[in-house]
Every structure is written in C-alpha cells, then in structure tokens.
Amino acid sequence: MDKQLLEALRCLTEEEKEILKGNTQINKALYTDQSSMIVDKNKLLERGDLIQVRTHTRFIHFPKHKHNYIEVVYMCEGVTEHIVNGDKVKLKKGELLFLNPNAVQEIMPAGENDIAVNFIILPEFFDTALQMISQEENLLRDFVVGCLRSEEQGTGYLHFKVADIVPIQNLVENLIWTIQNKQKNRRSMNQITMGLLFLQLMNYTDKIKTKQNHFEQEQMLSILQYIEENYKDGELRQLASQFHYDDYTMCRVIKKLTGRTYTELVQIKRLSQAAFLLTHSKLTVMDISLAVGYDNVSYFHRIFKKRYSVSPKEYRMCN
9 MDKQLLEALR CLTEEEKEIL KGNTQINKAL YTDQSSMIVD KNKLLERGDL
59 IQVRTHTRFI HFPKHKHNYI EVVYMCEGVT EHIVNGDKVK LKKGELLFLN
109 PNAVQEIMPA GENDIAVNFI ILPEFFDTAL QMISQEENLL RDFVVGCLRS
159 EEQGTGYLHF KVADIVPIQN LVENLIWTIQ NKQKNRRSMN QITMGLLFLQ
209 LMNYTDKIKT KQNHFEQEQM LSILQYIEEN YKDGELRQLA SQFHYDDYTM
259 CRVIKKLTGR TYTELVQIKR LSQAAFLLTH SKLTVMDISL AVGYDNVSYF
309 HRIFKKRYSV SPKEYRMCN
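Just so we're aligned: the sequence shown equals residues 9 to 327 in the working numbering.
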C-alpha cells in the first residue's frame with residue numbers, strides 16, 4: 009500500500025485517543041441509538057452516500073454486533089481477529105472479509121500497527137458492479153452474491169485470501185484513496201472500481217473461505233469452479249476424483265447441493281458462454297458451437313432455442 013495513504017490511516021482517531029486515556033468500552037453512541045447492538049448506517053454515512061470508509065477502532069474489544077448494511081473489511085497492515093457467526097477468522101494483510109447484514113461479528117483488540125479499514129456499503133451501491141458481471145449467466149457469481157444478499161441466517165461472510173493478487177490490491181487501494189480524498193465523480197468511479205474488483209474476485213474463488221465446518225459450502229464452490237473452468241471438455245469422472253468419490257456419489261452430491269444434474273450445470277454454462285460470444289464476437293454460429301463444446305451444430309441450435317426461445321442467429325440480431 010502507498011506509504012502516504014497508510015500513514016494517514018495509521019493516525020489515531022478521537023475515539024482511539026479516549027480509549028488510550030482509559031476508556032474500557034467502545035463509545036456505543038458513535039455506532040447506534042438502539043438498545044441492541046446493530047451498527048447503524050445513518051451513524052456512519054453522510055446523507056446521500058452509498059459507500060464510506062473508516063479505519064477500524066484499535067486497542068479495544070468490539071462486542072458482538074450486526075450491521076444494517078454490507079460491510080467489507082480490508083487489512084492494510086498487521087492482523088485482526090474476528091468471530092463471525094461463531095467462527096474464528098484471522099484477517100491478515102491484504103485480505104478481504106465480506107459480511108452480510110445478518111452476520112454476527114465480534115472483534116478482538118487490535119494493536120497500533122494493525123491497520124484495517126471498514127467499507128460501509130448500501131446494497132444499491134453494488135448495482136453497477138452486478139451489471140458489469142452479468143454479461144453472462146454465472147452460477148458461481150450467483151452463489152457469491154447470494155451469500156452477501158441473503159436475508160436468512162446462512163454463510164454470512166466470505167473471506168478472500170487474496171494478498172498475493174496485485175490487481176485486487178490495487179483496486180482496493182484505489183477505492184480507499186478515492187473515498188478518503190473525496191474525488192469528483194467519486195460515486196461513478198467507485199461503483200466501476202467495485203465492478204472491476206468483483207470481476208477479479210470471480211477469478212480467484214479458490215481463495216474464498218466460508219463458514220468453518222460448513223463442508224457443503226466448500227463443495228459447492230469447488231463444483232461450480234470446476235464447471236466454470238472446464239465446461240468445454242470437463243468430465244464428471246475428473247470432478248469426482250477431486251472429491252475421491254465414485255461417479256454415482258458425485259451425481260448425488262451435485263443434485264443435493266444445486267438442485268441440478270452435472271449435465272444441466274454444464275449446459276447452462278455452455279449456452280450462457282455461447283450467448284456471450286454471439287453478442288461480443290464475430291465468430292460464426294458453427295464456430296461458437298465448437299468453442300463451447302458442441303460438435304453437433306444441429307443439437308446446439310435445438311438446445312439454444314429451447315433455453316432462449318430464439319435461434320442463435322436471432323439472438324445475435326436482437327442483442
């Protein structure tokens with residue numbers, strides 16, 4: 009991270025100064041007016057803002073709480089220890105923690121050199137980002153977005169161990185800098201940057217950690233990741249071998265977790281990729297059919313029309 013920006017984030021806040029003078033509890037009035045500990049967006053966002061960034065309060069235990077917004081924690085330096093929905097999460101330098109509003113979070117005291125920033129984000133801020141990543145149907149993306157938007161108690165958080173991914177680090181730093189410096193046109197810039205960040209994160213879903221001991225969540229991510237990367241010529245047997253299952257057991261697991269068969273998942277991905285190529289390339293329909301894994305062009309025409317209600321040619325003309 010840029011040294012000048014890091015030094016600015018390292019500066020003591022007024023709240024931290026009071027803590028170092030002897031305050032043993034957080035100043036609850038800074039976060040909520042409610043009796044229950046729900047950190048309130050209205051306390052942290054200025055009127056009209058969809059996103060804000062603030063440094064995490066150090067030197068003190070932050071008790072169990074929820075948020076009425078989506079929070080993203082980025083570790084600039086050092087480490088912080090969180091308990092989220094009962095799971096211990098150690099957030100190290102360069103890592104991201106996405107929390108949906110239902111997540112119950114508790115944070116252990118951080119030291120002077122443990123610099124984290126919290127992004128306070130309203131759900132509508134993600135609209136531009138979701139448009140940017142919705143050029144094609146993506147089951148993996150839908151799973152990740154569902155984790156963030158879920159209104160039911162579930163995963164609640166996503167821990168991205170992406171410290172070694174330079175583009176992601178640059179995008180997060182750009183977000184922090186733009187917000188901190190109140191740049192002109194910052195809303196558009198920040199929404200587009202968040203979209204680029206999402207696009208990058210979708211390339212590194214192998215670095216996502218979800219609820220500890222939530223084996224099915226890990227299985228789901230691995231299955232969808234395999235299909236994203238191998239939709240053209242991947243085989244069920246190859247996927248099954250990754251889990252040390254036989255084909256029959258793998259089929260049952262996939263059906264249980266996704267409600268679809270392996271063949272259905274592959275077909276969804278192939279056809280969505282074909283739709284993307286029809287609107288974003290000049291490849292012939294035959295070439296697109298081959299590119300997504302269908303040697304039989306007549307069969308490709310038939311299943312494409314069944315899914316999109318128009319032929320590939322008509323789809324291209326309409327889009």
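All C-beta atoms in this analysis are idealised placements derived from N, C-alpha and C, irrespective of residue type, glycine included. Keep in mind the model is a prediction, meaning the values are calculated, not measured.
With 16 other Cβ atoms within 10 Å as the buried cut-off, status of residue i
i: GLU159; result: Since pLDDT at GLU159 reaches only 49, below the 50 mark, its modelled position is unreliable, and the value read off the structure follows with that caveat. GLU159 comes out exposed.
i: ASN121; result: exposed
i: PRO131; result: exposed
i: THR32; result: exposed
i: THR280; result: Here residue 280 turns out to be Ser, not Thr, going by the sequence shown. The residue in question, SER280, is buried, as its Cβ has 16 or more Cβ neighbours within 10 Å.
i: GLN166; result: The sequence given here has Leu at residue 166, not Gln. Buried, because 16 or more other Cβ atoms sit within 10 Å of the Cβ of LEU166.
i: GLY164; result: buried
i: ASN304; result: exposed
i: ASN221; result: Confidence at ASN221 is low in this model, with a pLDDT of 46, below 50, so its placement is unreliable and no value can be given for it.
i: LYS264; result: exposed
i: GLN337; result: Beyond the ends of the chain as shown, which are 9 and 327, falls residue 337; an answer cannot be given.
i: SER44; result: exposed
i: LEU28; result: exposed
i: PRO71; result: exposed
i: MET1; result: No information on residue 1 is available, as it lies outside the stretch 9 to 327 that the chain covers here.
i: ARG66; result: buried
i: GLU15; result: exposed
i: GLY119; result: exposed
i: GLN139; result: exposed
i: LYS321; result: exposed
i: TYR328; result: The structure shown does not extend to residue 328, since the chain spans only 9 to 327, so no value can be given for it.
i: GLY203; result: buried
DSSP-derived helix/strand/coil call for residue i
i: VAL300; result: coil
i: ASP95; result: strand
i: GLN12; result: helix
i: ALA124; result: strand
i: THR271; result: helix
i: THR88; result: strand
i: TYR82; result: strand
i: LEU138; result: helix
i: THR63; result: strand
i: GLN42; result: coil
i: ALA282; result: helix
i: TYR256; result: helix
i: GLU159; result: Because the pLDDT of GLU159 is 49, which lies under 50, any placement of that residue in the model is unreliable, and the number read from its coordinates should be weighed accordingly. Residue state, collapsed to three classes: coil.
i: LEU53; result: coil
i: ALA37; result: helix
i: GLU22; result: helix
Residue from the options whose Cα sits closest to the Cα of residue i
i: LEU229; options: ASP241, ASN238, LYS240 and ASP214; result: ASP214
i: ASP10; options: MET294, ASN126, ASN182 and HIS69; result: ASN182
i: ALA37; options: HIS90, ASP48 and ILE27; result: ASP48
i: MET325; options: HIS288, LEU14, GLN33 and ASN110; result: HIS288
i: THR266; options: LYS290, ILE235, ALA283 and ILE129; result: ILE235
i: LYS77; options: PHE134, ILE123, ILE115 and LYS314; result: According to the sequence displayed, residue 77 carries Tyr and not Lys. Ranking the options by Cα distance to TYR77, first place goes to PHE134.
i: LEU205; options: ILE173, GLN191, ALA118 and GLN227; result: ILE173
i: TYR307; options: PHE284, ARG278 and ASP57; result: ARG278
i: ARG195; options: ILE129, HIS64, ILE123 and MET83; result: ILE129
i: ASP57; options: LEU286, CYS259, ILE187 and GLN233; result: ILE187
i: SER297; options: VAL318, VAL261, LYS240 and ASP255; result: LYS240
i: LEU232; options: MET202, ASN198, GLN275 and TYR256; result: GLN275
i: VAL300; options: ALA283, HIS252, ILE68 and TYR39; result: ALA283
i: MET197; options: TYR212, VAL180 and VAL81; result: VAL180
i: TRP185; options: GLN60, GLU26, LEU53 and GLN42; result: GLN60
i: GLU103; options: VAL112, PRO109, GLU89 and ASN327; result: GLU89
i: ILE141; options: LEU20, LEU244 and ASN211; result: ASN211
Strand pairing of residue i, partner residues [DSSP]
i: HIS73; result: GLN113
i: VAL47; result: HIS75
i: LEU107; result: GLU79 and TYR165
i: LYS100; result: VAL87
i: ILE129; result: ILE59 and ILE78
Residue-chain proximity (residue i, chain B), Cβ-Cβ < 8 Å
i: HIS252; result: Judged by its chain identifiers, the structure shown contains no chain B, having just a single protein chain.
Runs of beta strand (DSSP E) wholly within the segment 185-247 (minimum 3 residues, chain order): none
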